[in-house]
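Numbering (the numbering used here), first residue to last: 2 to 418.
Quick look at the structure:
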């Protein structure tokens with residue numbers, strides 16, 4: 002600007018130069034504003050780039066890709082048999098416990114019926130043995146006691162016969178005899194007197210019969226006392242002693258038999274143990290038959306979707322052959338692999354947002370449900386060698402899937418909050 006004015010002073014007649022100088026003075030502040038604006042824009046741009054770089058770095062650290070997995074079960078029969086019916090097909094929903102397929106049950110039902118009959122028979126046998134053992138316990142010991150008491154009495158009788166009566170016993174028998182004779186004679190006199198009174202109708206027939214009965218009783222007692230007195234007075238005869246000894250021998254034999262019968266209790270107890278073992282074995286066979294009969298039916302272990310049906314009615318299957326597959330899609334897992342330098346940023350229960358290519362406009366909410374305790378090399382499905390040789394940790398994110406939109410094998414992206 003100074004040079005412009007110097008020219009003007011040198012050439013005052015040149016008015017065009019004066020106009021240029023005036024225009025230059027007006028534009029000078031505008032240039033400063035433009036320069037300042039450019040510097041400001043550059044500063045904001047650099048700051049934005051720095052912030053964006055940091056944000057991208059942070060976002061990259063919390064962003065992972067993986068694959069959706071569902072609980073999937075391959076179902077198989079546990080017994081041999083011919084398939085009778087299959088009730089589901091691929092893609093069909095199934096409720097927990099729903100019958101999916103069934104084998105021919107005729108042979109298994111027959112086995113169960115036989116096992117059940119054996120259980121009934123074993124119970125019946127055991128019941129009979131229990132009743133018999135109870136009877137033995139209640140009667141056999143008493144038989145021994147009675148036989149022992151009988152032997153004691155017979156021994157005393159033999160001893161009495163062998164030693165003969167004592168003087169005191171003879172004297173007592175005489176007194177009993179004399180008393181019985183006197184009672185009998187008095188009763189006889191009373192009877193004769195009542196007979197005469199009855200003939201004269203002084204006493205009734207009932208009174209006369211009563212006196213007759215009294216006389217007959219007294220006569221029997223007299224005869225019994227007379228016989229006992231005569232026996233004691235004369236002494237015991239040899240045949241009486243022999244007869245008593247024979248009865249004692251019979252009593253001893255009965256005692257031995259009663260003692261021998263006690264062994265029946267032990268035998269019955271052993272038989273009962275055997276019957277209990279038979280019942281236990283029969284129950285085990287019935288339980289096995291029930292289990293095998295149950296195994297002829299294939300039921301859904303949980304509610305889900307049938308993903309594969311590999312069997313048709315009429316086929317013969319063996320245990321372990323997979324015939325139906327079912328997947329539980331009500332809740333799925335997203336499997337991602339996190340590098341060892343970033344695993345510290347992932348916590349159990351951490352909230353995660355998930356998006357899929359299938360439903361790009363929808364975001365799913367999930368949480369970290371599993372973090373592997375051990376590192377592993379990146380799975381071979383990763384394309385680059387550089388990534389495959391890295392150590393990573395398996396992380397599972399559990400996602401509710403009420404609409405059953407997420408399927409096994411779907412790729413998905415996760416953002417950890």
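Just so it is clear, CB atoms sit at the ideal spot from N, CA and C, and this is done for glycine as well.
- Message: If I measure Cβ to Cβ from residue 109 and keep anything under 6 Å in the same chain, skipping five residues before and after, which residues do I get?
- Response: 293, 294 and 297
- Query: Do three or more CB pairs link the segment 354-365 to the segment 307-315 at distances below 8 Å?
  - Reply: no
- Could you check which residue in 330, 136 and 151 has the C-alpha nearest to that of residue 253? 151
- Tell me whether residue 203 sits in a helix, a strand or coil according to DSSP, three-state version. coil
- What span of residues does the beta strand (DSSP E) with residue 331 cover, start to end? 323-340
- Residue closest to residue 330, alpha-carbon to alpha-carbon, out of 339, 410 and 264: 410
- Item | Endpoints, the alpha helix (DSSP H) within which residue 288 is located | 264-296
- Given a threshold of 16 other Cβ atoms within 10 Å of its Cβ, counted over all protein chains shown, does residue 315 qualify as buried or as exposed? exposed
- Within the chosen definition, does the segment 262-273 reach the segment 128-135 through at least 3 CB pairs nearer than 8 Å? yes
- Nearest-angstrom beta carbon gap, residue 136 and residue 325 [assumed within contact, 8 Å]: Their Cβ separation, rounded to whole angstroms, is 58 Å, which puts residue 325 and residue 136 out of contact at 8 Å.
- Query: Is it the case that the Cβ atoms of residue 397 and residue 336 are separated by a distance below 8 Å?
  - Reply: yes
- Message: Can you tell me which residues form a DSSP beta bridge with residue 414?
- Response: 66 and 356
- Message: For residue 212, which residues in the same chain have their Cβ closer than 7 Å to its Cβ, ignoring the five residues on either side in sequence?
- Response: 191, 192 and 195
- Whose C-alpha, out of 417, 413 and 401, is nearest the C-alpha of residue 72? 401
- For residue 94, write down the residues that DSSP places opposite it in a beta bridge. 306
- Which partner residues of residue 300 appear in the DSSP bridge assignment? 100
- What's the C-alpha gap between residue 1 and residue 333? Only positions 2 to 418 of the chain appear in the structure, and residue 1 is not among them; the question remains open.
- Close Cβ partners of residue 201 (< 8 Å) along its chain, the five nearest in sequence each way excluded: none
- Buried or exposed for residue 113, please, with buried defined as at least 16 other CB atoms from any protein chain shown within 10 angstroms of its CB. buried
- Query: Excluding sequence positions up to five away, which residues of its chain have a Cβ less than 8 Å from the Cβ of residue 384?
  - Reply: Unreliable placement is indicated for residue 384, whose pLDDT of 45 sits below 50; the coordinate value is still reported in the next sentence. Nothing listed; no residue qualifies.
- Task: Can you tell me the Cβ-Cβ gap for residue 353 and residue 417, rounded? I've got them flagged as a contact below 8 Å.
- Result: 5 Å
- Roughly how many whole angstroms lie between the Cα atoms of residue 258 and residue 282? 36 Å
- Could you check where the beta strand (DSSP E) with residue 1 kicks off and where it finishes? Only positions 2 to 418 of the chain appear in this structure, which leaves residue 1 out of reach.
- Item | Buried versus exposed call for residue 247 [16 or more other C-beta atoms within 10 Å across all chains shown] | exposed
- Query: Do the segment 77-84 and the segment 99-106 make contact, defined as three or more Cβ pairs closer than 8 Å?
  - Reply: yes
- Task: Name the residue from 170, 322 and 188 whose alpha carbon lies nearest to the alpha carbon of residue 231.
- Result: 170
- Task: Quick one: measure Cβ to Cβ for residue 399 and residue 373, integer angstroms, because I've assumed they're closer than 8 Å.
- Result: Contact flag wrong, Cβ pair sits at about 15 Å.
- Ordered along the chain, which non-local residues of its own chain (more than five positions away) have a Cβ less than 6 Å from that of residue 123? 279, 280 and 283
- Item | Reference residue 286, options 116, 159 and 327, closest by Cα | 116
- Query: Alpha carbon to alpha carbon, what distance is there between residue 256 and residue 148?
  - Reply: 5 Å
- Task: Under the assumption that residue 154 contacts residue 226 (Cβ atoms under 8 Å), give the Cβ distance between them as a whole number of angstroms.
- Result: About 23 Å; that fails the 8 Å criterion.
- Since residue 339 contacts residue 393 with CB under 8 Å, what's their CB separation in whole angstroms? 6 Å
- Hey, could you find the ends of the beta strand (DSSP E) residue 372 is sitting in? 364-372
- Return the residue from the list 360, 94, 70 and 262 that minimises the CA-CA distance to residue 300. 94
- Boundaries (first-last residue) of the beta strand (DSSP E) holding residue 86: 82-87
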